[in-house]
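>
Chains as they are written, first to last, in our numbering: chain P, 1 to 306; chain C, 1 to 431.
(1) DSSP state of residue 268 of chain P, grouped into three classes?
(2) Can you tell which of P/34, P/25, P/12 has its C-alpha closest to the C-alpha of residue 289 of chain P?
(3) How do the segment 416-429 of chain C and the segment 92-107 of chain C stand: do at least 3 beta-carbon pairs fall below 8 Å, yes or no?
(4) Going by DSSP, what residues sit across from residue 255 of chain C in a beta bridge?
(5) Cβ atoms of residue 12 of chain C and residue 351 of chain C: under 9 Å apart, would you say?
(6) With the cut-off set at 9 Å, would you say residue 264 of chain C and residue 197 of chain P are in Cβ contact?
(7) Have a look at residue 258 of chain P and residue 243 of chain C and give me their C-alpha separation to the nearest angstrom.
(8) Going along chain P, which residues have a C-beta under 7 Å from residue 197 of chain C?
(9) Using a Cβ cut-off of 7 Å, pull out every chain P residue sitting near residue 14 of chain C, in sequence order please.
(10) For a quick check, are the C-beta atoms of residue 14 of chain P and residue 202 of chain P less than 9 Å apart?
(11) Need the endpoints of the alpha helix (DSSP H) that residue 439 of chain C sits in, please.
(12) Does DSSP classify residue 190 of chain P as helix, strand or coil?
(13) Determine which residues of the segment 199-215 of chain C have a Cβ less than 8 Å from any Cβ of chain P, and write them out in chain order.
(14) Does the CB of residue 98 of chain C have a neighbour CB from chain P at under 9 Å?
(15) How many angstroms separate the CA atom of residue 109 of chain P from the CA atom of residue 170 of chain C?
(16) By how many angstroms is the C-alpha of residue 388 of chain C removed from the C-alpha of residue 403 of chain C?
(17) Residue 256 of chain P: buried (16+ other C-beta within 10 angstroms of its C-beta) or exposed?
(18) Given a cut-off of 9 Å on the beta-carbon distance, is the pair residue 91 of chain P and residue 315 of chain C in contact?
(19) With contact counted as at least three CB pairs below 8 Å, one residue from each stretch, are the segment 159-170 of chain P and the segment 213-222 of chain P in contact?
(20) Report the residue from C/46, C/9, C/17, C/16 whose alpha carbon sits nearest the alpha carbon of residue 432 of chain C.
(21) Quick check on residue 110 of chain P - is its C-beta less than 9 Å from some C-beta in chain C?
(22) Between the segment 203-213 of chain C and the segment 170-189 of chain C, do three or more beta carbon pairs fall short of 8 Å?
(23) Express the C-alpha separation of residue 136 of chain P and residue 363 of chain C in angstroms, rounding to a whole number.
(24) Is residue 108 of chain C helix, strand or coil by DSSP?
(25) Check the DSSP bridge columns for residue 127 of chain C and list the partner residues they point to.
(26) Going along the segment 299-312 of chain C in order, which residues come within less than 8 Å of chain P, judged by CB to CB distance?
(27) Between residue 11 of chain P and residue 171 of chain P, what straight-line distance do the alpha-carbon atoms span, to the nearest angstrom?
(28) Relative to chain C, which residues along the segment 166-180 of chain P have a C-beta separation below 7 Å, given in chain order?
(29) What would DSSP say about residue 407 of chain C, mapped onto helix, strand or coil?
(30) Could you please tell me which residues of the segment 316-329 of chain C, in chain order, have their CB closer than 8 Å to any CB of chain B?
(31) So, at 6 Å on beta carbons, what are the nonlocal neighbours of residue 262 of chain C in its own chain, with the 5 sequence-adjacent residues on each side left out?
(32) For the alpha helix (DSSP H) that residue 24 of chain P lies in, which residues bound it at each end?
(33) Give the DSSP-derived three-state secondary structure of residue 146 of chain C in the structure shown.
(34) What runs of the beta strand (DSSP E), each 3 residues or longer, lie entirely inside the segment 355-400 of chain C?
(35) With residue 292 of chain P as the anchor, note down where its alpha helix (DSSP H) starts and where it stops.
(36) Between C/65, C/280, C/41, C/322, which has its C-alpha nearest residue 186 of chain C's C-alpha?
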């Protein structure tokens, strides 16, 4: 059974069957990652370009490793030294790359909608690796995979996304994906970091971290993005940590088996205390490993079935 | 050369004129209205305009012509051609050219470029030098050279202090300050703030970015007793602020664009940059308030904010694409379709907002349909159904979100300065 769409642009509107298929397929690829030889010939002969217009370390490496594990030929493109600096338009850059006969483009860009734009100007299969403040679907999928791995299910779980929701592309993908899979999704953060109308997506909003902890099975804690002017929205990192930071003391107070996710990189001592970041509740490094398996699943399903 | 407009409905709310009649134009002057003799008809070209309306030439007071500086996007001539095709005999062009219209030389250049065209072009001068908001432009000199208003359009006048001085100075010429109402510190996003900006992950612009500057300008207009004109109003609150200011007797007028009474921010869901504008497309409740404001007279006129951009500039990432769309050739069709045929406005009200009020705001004479007056006329077919095709447009740019849209009503001819534009041709009617 193929995925219902040629591209993965976001998780908004992606049917439950597609998400289920990706997560189930990722389970088989996850097993490959534990083998001594972590490579299968599934995408041999396919050419994939990683088009990263925005800085990324872990997402780019995760995608690149996933591609190599599937035996695809990969090319990396980043903005430094690119033709955009020479005055070429984004459209021309992409069409030149496509003319070199690439099959898939993995794109990260600071402008929301660029993956959608690429579907209009190229014939390649497009995978969104994060567009502006919009979506980061593979992060959403790997979060769901990691939660499912831990609990054996997604349906009926209470999941709270904590932090700068307004400047997060992870939050929207999580909200769309988790709700499609039947989880109860809430968000928690200072009022200045809650985007307009988010409640209309069927999301409960907490402004008190203790309530969020006490009412949820999972906390997906987002990074405070200092590079996106977070400083205008909170008085200080110290105050943020004091009122919204996840600390061992807070978790122990409610004495429950809560699971902590974080898409990384962590600001230690801000959104998570070091004790929590390294402690028993978190599955942060599992997320990183699972990310490769989930991206292999997406690349495989899109690369071989369309 | 004589031309006869036969069986046309002559409509001019300014004269309380609404009657079917024949009209003879001889050498650019309205020679006779009424039954025409065989002598009148001799050697005349006759146009049968049964079912059509003849109104004072339409006036668009908010157009960007891009020349000087960006002639690849539009020139004074291509913009004027687009205006004629859209039914306009006169337009006012905004000063955000390169260089800005902040010297008499640029004003004279624009007038010189357009002097032989059917469409009369009135420059609007920059309120501040280079539109930087730091020092007043030579407003007196600009006035003498022929500007009809002052604006830093594209941005609001930067500080309350320079706004005060621009307003006070403009009183000497009784010309309005035309204000682009967006607070810069809040308007640095890419679309209206709302559930759609949340869903699309595009940086939002809250409606208060507009409301704050409208409020500031109203207070300053009351203080200085100068004329303020709110360009492209787009929010419910702004409409109410203008309504209340008018009740207080403040010298305030306002305009709205067709896209702000036709489209909501729902349109952006495809990330098509042809829907990216400044101020951004708002919500259904804003549109309802705007239509109410048009009907009750709070909003005085309709203007296109015709903003040409090259294909390569618009065909890019949403946050980097420039704001604005072309509008001269769709404005009348949209206004007829969305306002008149939906019975929000009568045709008389629409003509008032597209022809009479813009001229009054800019202190220009309203053309009269009277014997002995120069023929400055637009012929409208309110019922013709047509499909927008940007590739047939006269404008040099094609950045319209209305391509392929079905509209009801358009201009079929314009007459001005002894010239006629009809069936895609400019016809010299002087000889």
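Don't be surprised by glycine CBs; every beta carbon is placed ideally from N, CA and C.
From the atom records:
(1) strand
(2) P/34
(3) no
(4) C/301
(5) yes
(6) no
(7) 55 Å
(8) 196
(9) Per Cβ cutoff of 7 Å: no residues; residue 14 of chain C is ~44 Å from chain P at best.
(10) no
(11) Residue numbering for chain C in the displayed model covers 1 to 431; residue 439 of chain C lies beyond these limits and cannot be assessed.
(12) coil
(13) 199, 200, 201, 202, 203, 204
(14) no
(15) 46 Å
(16) 5 Å
(17) exposed
(18) yes
(19) yes
(20) Only positions 1 to 431 of chain C appear in this structure, which leaves residue 432 of chain C out of reach.
(21) yes
(22) yes
(23) 55 Å
(24) helix
(25) Looking at the DSSP assignment, residue 127 of chain C forms no beta bridge with any residue, so it has no partner.
(26) 312
(27) 11 Å
(28) 169, 172
(29) strand
(30) No chain B is part of this structure, whose protein chains are labelled P and C.
(31) 334, 338
(32) 16-32
(33) coil
(34) 377-387
(35) 284-305
(36) C/280
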